[in-house]
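**Student:** Questions regarding the structure given below will be posed in turn.
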Amino acid sequence: MPIRMEKDDPQPQSGGGGQRSGGGGSNALIKFLPLILMFLFKRPKLLIPILLVGAVWYFFLGGSEMLSGGSGAVEEFDTSAFSLGATLDQEVYDRAKVFEPVSYGYSGQAALPARASLEQYAPQRRHQGRQGSCVGWASAYAARTILEAETTGQQPDNVAFSPAYLYNQIALTGCQGAYMLEAMKTMQQYGGLPFSQFRYDESNCSNEPSSNQKQAGSRYRIQGFDRLTVGASQYKPDITGIKQHLAQGYPVVIGMMVGGSFMGPMMGQPLWQPSQRDYGMPGFSGHAMCVIGYDDNQQGGAFQIMNSWGPEWGDRGIGWVKYRDFEHFTKEAYGVYPAATQQDKSRMAVEFGLVDVNSKNTIGLFSKDNGAYFRTIKPIKKGDKFKVLVANSIECFIYVFGQETDGSSYVLFPYTEKHSAY
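Under the working numbering, think of the first position of the sequence shown as 1, with each following residue one higher.
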């Protein structure tokens, strides 16, 4: 009997804290405005005292802020000190392969930990200056350095990677932007160079690495990357997938819309609390950063993010963003993998199983031919839903095939051509 793939029942992503989109107060006032005007037209003597009360509310009690949808204090900060540079394009983003997160909660599987952090592997927080090179800082200086420090056990500052080696190869005109997908591809093809071997100059991005430098950089190539979205054609960030990467020791590079209170008001503040105005993203632009941790108990759940605006921003250059705010403002997210370690590929161990979706219990199997053939002990009824569990001992590509009654085969996993089999 052929196996048919069905989508899981929708599960709410782990989230908490934070509003989504705002403007409720002013919208409610506008809705009632016709009734208020009609009331005043019938009672003109009330007009003057109401105008006086309204003036006090508008000028002294925050009415102007409510109607504008945010805090005017944000404008007092010099935003020129916060360069950006992530060119966020959904059509480009769509070209990246999609990661499918592990299904937790089934028999024999450990639960995803409530918190994880890679901060101990992160280098000191530096400032990108006036150059729009955040993609290089988030991808090479932050994410690649974290992978290297974690793998080698060396101090992060001693193995920090150059943002310029990467950024100068992919920078757009005027040194003011880059596509994040190009950064991922370049790290996979040309690797990176230590900061000490390729210095950063915020006033110049035209100094591209030589062929000899690229050859030296190839030693530090990443194994790969994937897109962390909830679906192949859905671009909302996959909170569970991001947390799984972090729990396994893999940093996540994100492209986020920032502006407003994310800039000056975040100086010295550990947690970003967007103003009502921020949710409309007026004047916001794309900025690349590196997610280095998460904590389900932090403000109902939040991600720990490393920025490239120096140690004065956030808490020593790191800020927390609540899950719901992260979903609202983040437009791109990439999981980054280190180079695969040398392993004997002829000695790969594979475990296979089936789990009943409703009971979450394993379905009994027996194997034949030294584990090359499996069969259920009891027949599975037509219409029963189950998951296929596969565990492998080394990093590899995994494909799951089904067979039709006529003997032809079809692909069950990866789910679509956009999903990664790795």
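The beta-carbon is built from N, C-alpha and C at its ideal position, and this holds for glycine as well.
Give me the Cβ distance between Ala114 and Asn297, rounded to the nearest whole Å; I'm assuming they're in contact under 8 Å.
**Tutor:** Here residue 114 refers to the residue found at position 114 when the sequence shown is read from its first residue. Here residue 297 refers to the residue found at position 297 when the sequence shown is read from its first residue. Indeed they touch by this definition, with Cβ atoms about 6 Å apart.
**Student:** Does the count of Cβ pairs from the region 274-294 and the region 217-237 closer than 8 Å reach three?
**Tutor:** As far as the Cβ criterion goes, the region 274-294 does not touch the region 217-237, which means the pair count is below three.
**Student:** Take Glu332 and list the residues in its own chain whose beta-carbon comes closer than 7 Å to its own, dropping the five residues that flank it on each side.
**Tutor:** To locate residue 332, count along the sequence shown from 1; it is residue 332. Excluding sequence neighbours, Glu332 sits near Leu88, Tyr93, Met180, Ile254 and Gly255.
**Student:** Looking at the structure shown, is Asp157 part of a helix, part of a strand, or coil, going by DSSP?
**Tutor:** What you label residue 157 is simply residue 157 of the sequence shown in a count that begins at 1. Of the three classes helix, strand and coil, the one that applies to Asp157 here is helix, per DSSP.
**Student:** Here's the rule I'm using: 16 or more other beta-carbon atoms within 10 Å means buried, otherwise exposed. How should Ser80 be labelled?
**Tutor:** As a first step, residue 80 must be located in the sequence shown, where it is residue number 80. Burial call: exposed.
**Student:** Can you round the beta-carbon distance between Leu271 and Trp320 to whole angstroms, since I take them to be within the 8 Å contact cut?
**Tutor:** Residue 271 sits at position 271 when you count from the first residue of the sequence shown. Residue 320 sits at position 320 when you count from the first residue of the sequence shown. Confirmed, Cβ separation roughly 5 Å.
**Student:** Flag this pair as yes or no: are the beta carbons of Ala183 and Leu166 separated by less than 8 Å?
**Tutor:** Position 183 of the sequence shown holds residue 183. Position 166 of the sequence shown holds residue 166. Yes, these two residues count as a Cβ contact at 8 Å.
**Student:** Let me check you understand the geometry: is the CB of Gly335 closer than 7 Å to at least one non-hydrogen atom of the ligand SAM?
**Tutor:** The ligand SAM is absent from the structure shown, which contains no ligand whatsoever.
**Student:** Is Ile377 buried or exposed, if buried means 16 or more other CB atoms sit within 10 Å of its CB?
**Tutor:** Working through the sequence shown from its first residue, we reach residue 377 at position 377. So Ile377 counts as exposed.
**Student:** Just to confirm, is the Cβ distance from Ser139 to Tyr200 under 8 Å?
**Tutor:** What you label residue 139 is simply residue 139 of the sequence shown in a count that begins at 1. What you label residue 200 is simply residue 200 of the sequence shown in a count that begins at 1. The answer is no: Cβ separation not under 8 Å.
**Student:** Using the rule of at least 16 other Cβ atoms within 10 Å of the residue's Cβ for burial, across every protein chain shown, is Asn207 buried or exposed?
**Tutor:** Position 207 of the sequence shown, counting from 1, holds the residue named residue 207. Exposed is the call here.
**Student:** Which residues in the same chain as Pro209 place their Cβ atom closer than 8 Å to its Cβ, once the five residues preceding and following it in sequence are excluded?
**Tutor:** For the purposes of this step, residue 209 is taken as the residue at position 209 of the sequence shown. The answer, listed in chain order, is Tyr165, Asn168, Gln169, Tyr190, Leu193, Phe198 and Gly217.
**Student:** Among Phe366, Ile292, Gln273 and Val291, which has the Cα closest to the Cα of Gln299?
**Tutor:** Taking the first residue of the sequence shown as 1, we reach residue 299 at position 299. Nearest in C-alpha terms to Gln299, of all of Phe366, Ile292, Gln273 and Val291, is Gln273.
**Student:** Look at the alpha carbon of Gln188 and the alpha carbon of Ile222, and state the distance between them as a whole number of angstroms.
**Tutor:** Here the question's residue 188 lines up with position 188 in the sequence shown. Here the question's residue 222 lines up with position 222 in the sequence shown. Going from the Cα of Gln188 to the Cα of Ile222 covers about 5 Å.
**Student:** On the CB-based measure, 16 or more other CB atoms within 10 Å of its CB, does Ser133 come out buried or exposed?
**Tutor:** Stepping through the sequence shown from its first residue, residue 133 is reached at position 133. Under this definition Ser133 is a buried residue.
**Student:** According to the neighbour-count rule (16 or more other Cβ atoms, all chains shown, within 10 Å of its Cβ), is Met263 buried or exposed?
**Tutor:** On the sequence shown, position 263 is the one that residue 263 refers to. Classification for Met263: buried.
**Student:** Could you have a look at Trp313 and say whether DSSP puts it in helix, strand or coil?
**Tutor:** Here residue 313 refers to the residue found at position 313 of the sequence shown. In the structure shown, Trp313 sits in a strand (DSSP, three-state: E or B).
**Student:** Measure the alpha-carbon distance for Gly383 versus Asp356 and round it to whole angstroms.
**Tutor:** As a first step, residue 383 is located in the sequence shown; it is residue number 383 there, counting from the start. As a first step, residue 356 is located in the sequence shown; it is residue number 356 there, counting from the start. Rounded to the nearest angstrom, the two C-alpha atoms are 12 Å apart.
**Student:** Rounding to the nearest angstrom, what Cα-Cα distance links Ser409 and Arg219 in this structure?
**Tutor:** Walking along the sequence shown from the start, residue 409 turns up at place 409. Walking along the sequence shown from the start, residue 219 turns up at place 219. C-alpha separation (whole angstroms): 40 Å.
**Student:** Residues in the same chain with beta-carbon distance under 6 Å from Ala96, minus the five sequence neighbours each way, listed in chain order, please.
**Tutor:** Locating residue 96 in the sequence shown gives position 96, counting from the first residue. Its chain contains Leu181 and Arg227 as the residues whose beta carbon lies nearer than 6 Å to that of Ala96, once the 5 sequence neighbours on both sides are disregarded; these appear in chain order.
**Student:** Check each candidate in Ser275, Glu202 and Thr186 and name the one with the smallest Cα separation from Gln215.
**Tutor:** As a working mapping, residue 215 is identified with position 215 in the sequence shown. Among Ser275, Glu202 and Thr186, the Cα nearest to that of Gln215 is on Thr186.
**Student:** Can you tell me where the alpha helix (DSSP H) holding His127 begins and where it ends?
**Tutor:** By 1-based counting over the sequence shown, the position of residue 127 is 127. Per DSSP, His127 belongs to no alpha helix (DSSP H) and is neither H nor E.
**Student:** Excluding five sequence neighbours on each side, which residues of the same chain lie with their C-beta closer than 6 Å to the C-beta of Pro311?
**Tutor:** Taking the first residue of the sequence shown as 1, we reach residue 311 at position 311. Cβ within range, chain order: Arg125 and Gly317.
**Student:** In its own chain, which residues sit with a C-beta less than 8 Å from the C-beta of Tyr373, not counting the 5 before and 5 after it?
**Tutor:** Taking the first residue of the sequence shown as position 1, residue 373 is located at position 373. Once the five neighbours on either side are set aside, the close Cβ partners of Tyr373 are Ser367.
**Student:** Figure out for me which residue from Ser275, Pro156 and Gly241 has the closest Cα to the Cα of Phe303.
**Tutor:** Here the question's residue 303 lines up with position 303 in the sequence shown. When only C-alpha atoms are compared, the closest one is Gly241.
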